[in-house]
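See below for the structure under consideration.
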Amino acid sequence: MQNIRNIAIIAHVDHGKTTLVDKILHFTNQFRDNENSGELILDNNDLERERGITIVSKNVSVKYKDTKINIIDTPGHADFGGEVERVLKMADGVVLLVDAFEGPMPQTRFVTGKALALGIKPIVVVNKVDKENCRPEEVYENVFDLFFSLGATEDQLDFPVLYGSSKQGWMSKDWTKPTTDFTELLDAIIEHIPGPQISEGTLQMQVTSLDYSTFVGRIAIGRIARGTIKENQPVSLVKRDGKIVKSRVKELQLFEGLGRVKVTECHAGDIVAVVGIEGFEIGDTIADFENPEQLEVMHIDEPTMNMLFTINNSPFFGKEGKFVTSRHIHDRLQKELEKNLALRVVPTESPDQWLVYGRGILHLSVLIETMRREGYELQVGQPQVIVKEINGQKHEPIEELVVDVPAEVSGKVIELVTQRKGELLVMETKGDMQHLEFSIPSRGIIGLRNNVLTATAGEAVMAHRLKGYEPWKGTIPGRLAGVLISLDTGSTTAYSIDKLQDRGRFFVDPGVDIYEGQILGEHIRDNDLTINVTKGKQLTNMRASGSDDNTRIAPAIKFSLEECMEYIQADEYIEVTPQSMRLRKIYLTENERKVNAKKFV
Numbered sequence: 000m001q002n003i004r005n006i007a008i009i010a011h012v013d014h015g016k017t018t019l020v021d022k023i024l025h026f027t028n029q030f031r032d033n034e035n036s037g038e039l040i041l042d043n044n045d046l047e048r049e050r051g052i053t054i055v056s057k058n059v060s061v062k063y064k065d066t067k068i069n070i071i072d073t074p075g076h077a078d079f080g081g082e083v084e085r086v087l088k089m090a091d092g093v094v095l096l097v098d099a100f101e102g103p104m105p106q107t108r109f110v111t112g113k114a115l116a117l118g119i120k121p122i123v124v125v126n127k128v129d130k131e132n133c134r135p136e137e138v139y140e141n142v143f144d145l146f147f148s149l150g151a152t153e154d155q156l157d158f159p160v161l162y163g164s165s166k167q168g169w170m171s172k173d174w175t176k177p178t179t180d181f182t183e184l185l186d187a188i189i190e191h192i193p194g195p196q197i198s199e200g201t202l203q204m205q206v207t208s209l210d211y212s213t214f215v216g217r218i219a220i221g222r223i224a225r226g227t228i229k230e231n232q233p234v235s236l237v238k239r240d241g242k243i244v245k246s247r248v249k250e251l252q253l254f255e256g257l258g259r260v261k262v263t264e265c266h267a268g269d270i271v272a273v274v275g276i277e278g279f280e281i282g283d284t285i286a287d288f289e290n291p292e293q294l295e296v297m298h299i300d301e302p303t304m305n306m307l308f309t310i311n312n313s314p315f316f317g318k319e320g321k322f323v324t325s326r327h328i329h330d331r332l333q334k335e336l337e338k339n340l341a342l343r344v345v346p347t348e349s350p351d352q353w354l355v356y357g358r359g360i361l362h363l364s365v366l367i368e369t370m371r372r373e374g375y376e377l378q379v380g381q382p383q384v385i386v387k388e389i390n391g392q393k394h395e396p397i398e399e400l401v402v403d404v405p406a407e408v409s410g411k412v413i414e415l416v417t418q419r420k421g422e423l424l425v426m427e428t429k430g431d432m433q434h435l436e437f438s439i440p441s442r443g444i445i446g447l448r449n450n451v452l453t454a455t456a457g458e459a460v461m462a463h464r465l466k467g468y469e470p471w472k473g474t475i476p477g478r479l480a481g482v483l484i485s486l487d488t489g490s491t492t493a494y495s496i497d498k499l500q501d502r503g504r505f506f507v508d509p510g511v512d513i514y515e516g517q518i519l520g521e522h523i524r525d526n527d528l529t530i531n532v533t534k535g536k537q538l539t540n541m542r543a544s545g546s547d548d549n550t551r552i553a554p555a556i557k558f559s560l561e562e563c564m565e566y567i568q569a570d571e572y573i574e575v576t577p578q579s580m581r582l583r584k585i586y587l588t589e590n591e592r593k594v595n596a597k598k599f600v
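Residue 449 in numbering that gives the first Met the number 0 sits at position 450 of the sequence shown, and the numbers go up by one each step.
Structure (structure tokens):
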């Protein structure tokens with residue numbers, strides 16, 4: 000039986016989790032000398048690389064001093080909290096990474112609370128001590144206070160702490176004495192993190208994530224809680240609702256380095272991939288064939304937001320996408336449910352519309368972005384928060400919002416947040432930055448990021464996490480400006496856009512195909528205005544000196560998907576296709592909009 004340590008790496012966004020895993024892989028010689036592995040090895044899908052964030056948790060294993068260390072890299076955004084909650088079940092210890100300047104952030108609190116509640120032993124790493132203005136001792140005190148406020152046990156409060164820089168590749172017990180490698184961190188993992196608890200009894204293994212292979216189908220991944228599993232062994236699959244399905248293991252794979260190796264037998268404590276079991280879901284238990292015993296079912300926090308997904312019914316439907324019908328979209332959403340635990344899909348009265356529930360704007364936008372890259376065309380409506388009735392009173396989700404901003408513009412941020420029913424709780428100075436903490440309804444955060452970044456010239460750093468439900472805070476002002484709507488279908492002309500620039504800011508360039516009812520820009524007033532930008536200049540022979548100057552057009556504003564989701568109102572859709580993103584009114588003609596105006600008041 001070999002020595003095993005199962006650890007998860009948890010931290011706030013951008014505190015260096017994936018970089019740390021990279022460096023550990025290099026330090027333990029997982030690559031040949033001539034192999035160019037690149038950076039952020041585990042962020043291997045396009046979306047993760049483009050955004051520079053981890054979306055899906057990944058498993059790797061390294062060998063160090065005759066001990067196998069299974070490492071789980073987790074996402075840092077609260078929107079992907081479902082990922083973190085389920086993979087913590089596989090770990091016996093966590094490495095909590097904290098930035099030496101920023102200290103514990105909202106997401107740090109969220110994941111640390113989950114880990115401590117499971118009784119997991121933490122090791123704290125104060126990362127990025129090579130940064131200017133860093134304050135490692137103060138951050139260490141903050142982490143201790145955080146653990147205490149989360150109700151950590153005495154054993155958990157007696158945590159080892161290391162300082163270092165993942166980027167420069169060193170960890171040390173004293174931040175003023177840099178070392179040259181990760182020996183001290185890996186030694187601390189072996190010394191302080193317990194090996195897997197082995198209890199006697201028959202096989203029990205909970206499925207905590209899944210993989211897919213075109214050759215063998217779905218693969219169940221999880222940690223064996225007790226017993227042994229062998230190739231070709233008959234097993235029982237205990238579903239979350241207690242139903243039992245008989246099945247058989249065809250193949251077993253253990254994690255080794257970045258890949259997996261085929262084995263014939265695995266023991267308690269191993270993180271293993273099982274091939275051949277049909278119809279499993281995350282949270283199911285693989286148990287003994289004759290007397291199956293179920294492990295405790297995973298509890299995942301509720302979604303806080305929903306959006307309407309519908310087929311693309313604009314005049315341009317089917318021009319760019321491969322999958323455009325309601326059957327395609329329905330099948331894709333069902334497939335997503337298999338691995339995305341925090342997601343819910345609820346059918347509506349209409350056969351081609353679904354309400355998709357998620358953890359936040361980012362959680363839902365990653366799904367939409369993935370679908371458009373796979374060739375889907377769809378339309379999505381305005382994100383809505385989920386309201387609950389508690390004791391006969393309307394309650395809504397409230398978030399803890401943290402903003403770090405240069406001191407001279409902090410007043411603008413406070414004004415913007417309080418307009419949206421936010422309450423200022425903490426205001427303190429960190430270096431030359433002002434650290435602000437608010438309590439704000441989730442509704443108020445939708446559309447806030449853009450305004451804050453504009454007001455602070457892009458210097459604000461925002462993070463938020465769900466705190467709980469509180470009584471309804473009243474109405475929050477939505478978008479203040481109206482929009483410019485196309486009157487006609489055709490191609491935009493520079494001549495028309497030039498003449499209409501005093502009416503607002505445009506989202507489209509000249510020479511772009513548009514349709515009636517499409518949103519072309521933002522009006523300078525608070526009402527919607529219908530305009531015709533397909534009209535060209537009359538090419539007569541008459542010329543007037545001075546009036547035939549070249550057109551001068553301001554560049555069009557280009558929104559990202561999240562910005563579109565935060566911008567639109569209740570009577571608008573985002574049309575998402577593999578090549579384009581268009582904003583449009585739900586009712587395309589002026590007449591239909593007038594008839595249905597009362598629906599959206």
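No residue lacks a Cβ here, since even glycine has one placed at the ideal position from N, Cα and C.
For R581 versus Q517, is the C-beta spacing smaller than 7 Å?
yes
For the beta strand (DSSP E) holding D98, just list the boundary residues, first then last.
G92 to D98
Length at least 4, wholly inside the stretch 472–532: the alpha helix (DSSP H) runs in chain order
493–498
Whose C-alpha, out of G510, V110, H522 and D525, is nearest the C-alpha of K534?
G510
Bridge partner(s) assigned by DSSP for G221
V206 and V271
Is M426 near L435, with beta carbons less than 7 Å apart?
yes
Burial state of I523, where buried means 16 or more other Cβ atoms lie within 10 Å
exposed
Nearest to I556 by CA position, among F506, Y572 and D300, is which residue?
F506
Please name the residue or residues paired with K245 in a DSSP beta bridge.
S235
Using DSSP bridges, identify the partner residues of K163.
The question names Lys, but residue 163 is Gly in the sequence shown. For G163, which the question treats as bridged, DSSP gives the partners M170.
Straight-line CA distance for S165 to E277?
41 Å
Judging by CA-CA distance, which residue of K334, I328, K318 and K261 is the nearest neighbour of F279?
K334
Suppose the cutoff is 8 Å on Cβ atoms and the five residues either side in sequence are ignored; what does the same chain contact list for R331 look like?
F322, M370, E373 and Y375
Are there 16 or more other CB atoms within 10 angstroms of the CB of I122, so buried, or fewer, so exposed?
buried
For M564, write down the residues that DSSP places opposite it in a beta bridge.
Partner(s): none; M564 has no beta bridge.
Between R259 and A272, how many whole angstroms is the CB-CB distance? I'm expecting something under 8 Å.
6 Å
Range covered by the beta strand (DSSP E) that runs through L251:
E250 to E255
Please go through the stretch 327–353 and give each complete beta strand (DSSP E) segment of 3 or more residues, from N-terminal end onward.
343–346
Quick check: the Cα distance between E631 and S148, rounded to an integer number of angstroms?
With the chain running from 0 to 600 in the structure shown, residue 631 is simply not present.
Three-state secondary structure (DSSP) at R134?
coil
Residue span of the beta strand (DSSP E) that contains R371, given as start and end
Per DSSP, R371 belongs to no beta strand (DSSP E); it is in the alpha helix (DSSP H), I360 to R372.
Identify every run of the alpha helix (DSSP H) within the stretch 101–136, keeping only runs that are complete inside it and at least 4 residues long; order them along the chain.
105–116
C-beta contact flag for V365 and L354 at 7 Å:
no
Please state the DSSP three-state secondary structure of K429.
strand
Quick one: grab the DSSP three-state call for T17.
helix
Around the C-beta of A114, are 16 or more other C-beta atoms found within 10 angstroms, so that it is buried, or is it exposed?
buried
Would you mind sorting D501 into buried or exposed? The rule is 16 or more other CB atoms within 10 Å of its CB.
exposed
Any chance the stretch 223–231 sits against the stretch 94–111, with 3 or more Cβ pairs inside 8 Å?
no
Given a cut-off of 7 Å, decide if R442 and V401 are closer than it, judged by their beta-carbon atoms.
no
Distance between E399 and H463 (C-alpha atoms, nearest Å)
5 Å
Kindly indicate the opening and closing residues of the beta strand (DSSP E) around I606.
In the structure as shown, the chain starts at 0 and stops at 600, and residue 606 therefore has no counterpart that could be examined.
I'd like to confirm the pairing. Which residues does DSSP put opposite Q383 in its beta bridges?
N305
Can you tell me whether G430 is buried or exposed, with buried defined as 16 or more other CB within 10 angstroms of its CB?
exposed
Am I right that L117 and I9 are in contact with their C-beta atoms under 8 Å? What's the rounded C-beta distance?
Contact flag wrong, Cβ pair sits at about 12 Å.
In its own chain, which residues sit with a C-beta less than 8 Å from the C-beta of V296, not counting the 5 before and 5 after it?
R239 and G282
Simplified DSSP state of Y211, which is helix, strand or coil
strand
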